[in-house]
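Presented below is the structure to which this report refers.
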Amino acid sequence: MALVDDFLKLDDVPVESSDARHKLPVRSATGPYVLATGKAADYRLHILHGLYGPGTRQLVIRAGLRRGMCVADVGCGVGMVTALLAGLVGPEGYVVGIDASAAQLNQARKRLPPRIDNIRFVEASATDTGLPPASFDLVYCRYLLIHLPEPERALREMWALLKPNGILVCEEADVTSAGSEPPSALDAFADLWGRLGPARGLDYTLGRHLFQMVQAAGFPAPDITFNQPVLAGGENKRFLELSVAEAGPAFVDAGLITAEALESTLAEMRRLNADETVLAVMPRMAQVWARKPALSPGGSR
Ligand SMILES: C[S@@+](CC[C@H](N)C(=O)[O-])C[C@H]1O[C@@H](n2cnc3c(N)ncnc32)[C@H](O)[C@@H]1O
91 MALVDDFLKL DDVPVESSDA RHKLPVRSAT GPYVLATGKA ADYRLHILHG LYGPGTRQLV
151 IRAGLRRGMC VADVGCGVGM VTALLAGLVG PEGYVVGIDA SAAQLNQARK RLPPRIDNIR
211 FVEASATDTG LPPASFDLVY CRYLLIHLPE PERALREMWA LLKPNGILVC EEADVTSAGS
271 EPPSALDAFA DLWGRLGPAR GLDYTLGRHL FQMVQAAGFP APDITFNQPV LAGGENKRFL
331 ELSVAEAGPA FVDAGLITAE ALESTLAEMR RLNADETVLA VMPRMAQVWA RKPALSPGGS
391 R
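Under this note's numbering, the first residue of the sequence shown is numbered 91, with each subsequent residue one higher.
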């Protein structure tokens, strides 16, 4: 805690990442991340939070988040969950949002409501944050591990960041569990993302194995539940279409679809978004939480 407090004193006000005081050394870029960053990412991540945010709120409270806690939001993106967590820990706690993308963090800073001063952002890789070990009461991530070639390394880092008895909370999806009822062009989301993973050495179905991964990272007795939103209409129904559009160039580059077929698929997905007889089934989110033992061999792994 003291170490993190010292670190946080480096910048008392949120600043642009061009300010050298704000930055830790960047250990890696976002690497194989195929989605947009910065302003271009903002709308889709807003939609994502509209879908999963209520479940996230329930989850972190159920996992043990309390006022006054020190929390890390790893792979924080444009800060949607970071702001939620900051509200829950209150002014006596704080949240550090960590992301490998400077553009995401700049957007996150712009998004922050005025007068929130219990959030800091750090540009760093999830696998090597450079933050002091054993400094956080709770470490959180959502839709991060599925984008990493070595998600186990990120879990090891999260273990290291946690204080003894600290709480890990991970929300990760299985993209192939998305679809529609009745079957329709909205199913292109599961098909394209499901085939992109092996082509890029990533596991976009990671949510299926998240429980076992958390166990393997050394956390005894994790808990798990699933959250799978289903929508007939409304703005958030656009999540499947927007995600296919953003990753479109990656699908085309990988030879999974032609540019022409992608364009017509997206047009049909947009039409279906407005058709309330067709249900959009969002990716099933595995929600896993666990405590680091109070006494663990060596303190960190
Ligand atoms: C799909 S977004 C999710 C953002 C946020 N967790 C949310 O749920 O709104 C994934 C985020 O992970 C970040 N990311 C990807 N690879 C990373 C890495 N190696 N280290 C840290 N962040 C990474 C991306 O820049 C992006 O902001």
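The beta-carbon is built from N, C-alpha and C at its ideal position, and this holds for glycine as well.
Beta-carbon gap between residue i and residue j smaller than 8 Å
{"i": "Leu-178", "j": "Val-150", "result": "yes"}
{"i": "Val-334", "j": "Leu-296", "result": "no"}
{"i": "Gly-180", "j": "Asn-326", "result": "no"}
{"i": "Val-265", "j": "Ala-280", "result": "yes"}
{"i": "Ala-380", "j": "Phe-309", "result": "yes"}
{"i": "Leu-292", "j": "Leu-251", "result": "no"}
{"i": "Leu-286", "j": "Ala-376", "result": "no"}
{"i": "Ala-349", "j": "Val-124", "result": "no"}
{"i": "Pro-254", "j": "Leu-362", "result": "no"}
Separation of residue j from residue i, as counted between CA atoms
{"i": "Phe-341", "j": "Pro-383", "result": "42 Å"}
{"i": "Gly-323", "j": "Leu-369", "result": "8 Å"}
{"i": "Asp-343", "j": "Glu-358", "result": "21 Å"}
{"i": "Ile-347", "j": "Leu-330", "result": "16 Å"}
{"i": "Ala-351", "j": "Pro-288", "result": "21 Å"}
{"i": "His-136", "j": "Arg-232", "result": "13 Å"}
{"i": "His-237", "j": "Arg-298", "result": "14 Å"}
{"i": "Val-171", "j": "Gln-148", "result": "12 Å"}
{"i": "Val-320", "j": "Gln-302", "result": "26 Å"}
{"i": "Ala-128", "j": "Ala-306", "result": "Note that residue 128 corresponds to Gly in the displayed sequence, not to Ala. Approximately 34 Å, taken between the alpha carbons."}
{"i": "Arg-246", "j": "Pro-312", "result": "15 Å"}
{"i": "Arg-374", "j": "Ala-263", "result": "6 Å"}
{"i": "Thr-367", "j": "Gln-318", "result": "19 Å"}
{"i": "Gly-145", "j": "Leu-332", "result": "21 Å"}
{"i": "Thr-355", "j": "Met-372", "result": "18 Å"}
{"i": "Asp-277", "j": "Val-229", "result": "33 Å"}
{"i": "Pro-241", "j": "Met-248", "result": "11 Å"}
{"i": "Ala-193", "j": "Ser-267", "result": "30 Å"}
{"i": "Leu-234", "j": "Arg-201", "result": "20 Å"}
{"i": "Ala-126", "j": "Gly-284", "result": "19 Å"}
{"i": "Pro-58", "j": "Arg-290", "result": "Outside the shown range of the chain, which is 91 to 391, sits residue 58, and nothing can be said about it."}
{"i": "Val-161", "j": "Pro-122", "result": "26 Å"}
{"i": "Arg-328", "j": "Thr-219", "result": "33 Å"}
Assumed close pair residue i, residue j - CB separation to whole angstroms, cut-off 8 Å
{"i": "Ala-176", "j": "Asn-208", "result": "5 Å"}
{"i": "Arg-157", "j": "Glu-182", "result": "6 Å"}
### Message
Closer than 8 Å is the cut-off here; do at least three beta carbon pairs connect the segment 258-270 with the segment 217-226?
### Response
no
### Message
Three Cβ pairs or more, each shorter than 8 Å: is that satisfied between the segment 197-214 and the segment 272-283?
### Response
no
### Task
Decide if the segment 127-139 is in contact with the segment 147-163; the criterion is three or more beta carbon pairs, one per stretch, under 8 Å apart.
no
### Task
Please determine if the segment 156-166 and the segment 179-192 are in contact, where contact requires at least 3 C-beta pairs separated by less than 8 Å.
Contact between the segment 156-166 and the segment 179-192 is present: three or more C-beta pairs spanning the two stretches fall below 8 Å.
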